[in-house]
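Working notes, beginning with the structure itself.
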Amino acid sequence: MLVSSRDKTIILWQLDESGSVLTGKPLSLHGHGHFVSDVVMSFDGQYALSGSWDKTLRL
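Structure, rendered in structure tokens:
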């Protein structure tokens, strides 16, 4: 699960096979210069695309 944040990061949480229980420690992804307003993950879970108020997209 990916969560966008106002602290300029994206948090990646691992879920169990049921998709309802968080497992492990979350990973914080950095790179945007302003609030991260949107994030989407590819169907296969291999890629994520994020959009920020700094007018950039990151893959």
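Numbering (this note's numbering), first residue to last: 441 to 499. Every residue, glycine too, gets a C-beta built ideally from N, C-alpha and C. This structure is a prediction, so every number in the text was calculated from the model and none was measured.
Determine the extent of the beta strand (DSSP E) in which Asp-478 is found, giving its start and end residues.
476–481
Please report the straight-line C-alpha distance between Lys-465 and Leu-499, rounded to a whole angstrom.
22 Å
Just to confirm the assignment, what range does the beta strand (DSSP E) spanning Thr-496 have?
Taken as a continuous stretch (DSSP letters only), Thr-496 belongs to no beta strand (DSSP E), as it is neither H nor E.
If you measure between the beta carbons of Leu-442 and Ala-488, is that distance less than 8 Å?
yes
Report the CB separation of His-477 from Thr-449 in whole angstroms; it is logged as a contact under 8 Å.
The sequence shown places Ser at residue 477, rather than the His named in the question. Not quite, the Cβ-Cβ distance comes to about 12 Å (not below 8 Å), so this is no contact.
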